[in-house]
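Numbering (the working numbering), first residue to last: 5 to 71.
Encoded as structure tokens, the structure appears first; notes follow it.
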């Protein structure tokens with residue numbers, strides 16, 4: 005079982021990777037940049053989206069993994 009969400013549309017070059025935590029979809033700005041910014045969040049229960057603007061340094065060269 006899965007659900008498809010239609011989120012804010014942006015050019016693909018402005019997007020990074022995405023991940024889900026507790027029913028919230030988060031997206032980073034660019035997987036090649038360090039530090040990176042979580043610049044998009046979408047709560048699947050309420051369909052609310054916002055920019056959390058969370059900056060952090062990733063321990064990896066590229067942000068293929070966020071931990």
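Cβ coordinates follow ideal geometry from the N, Cα and C atoms, glycine included.
Problem - First and last residue of the uninterrupted beta strand (DSSP E) at residue 8 - result: Counting along the chain, no beta strand (DSSP E) covers residue 8, and no H or E run does either.
Exercise for the section: Leaving aside the five residues before and after residue 39 along the sequence, list all residues of the same chain whose C-beta is less than 8 Å from its C-beta, in chain order. Expected result: Within the same chain, Cβ atoms closer than 8 Å to the Cβ of residue 39 are found at 59, 60, 61, 62, the five residues on either side in sequence being excluded.
Problem - 6 Å CB neighbourhood of residue 41 in its chain, flanking five on each side removed - result: Here the set comprises 33, 59.
Problem - Backbone CA spacing between residue 45 and residue 37 [nearest angstrom] - result: For residue 45 and residue 37, the distance between alpha carbons rounds to 19 Å.
Practice task
Decide if residue 55 is buried, meaning its Cβ has at least 16 other Cβ atoms within 10 Å, or exposed.
Solution key: Taking all protein chains in view, the Cβ of residue 55 is surrounded by fewer than 16 other Cβ atoms within 10 Å, so the residue is classified as exposed.
Problem - Top-ranked residue by Cα proximity to residue 35, from 50, 23, 53 - result: Residue 35 has its Cα closest to that of 23, out of 50, 23, 53.
Problem - Three-state class that DSSP yields for residue 25 in the structure shown - result: Three-state DSSP puts residue 25 in a strand.
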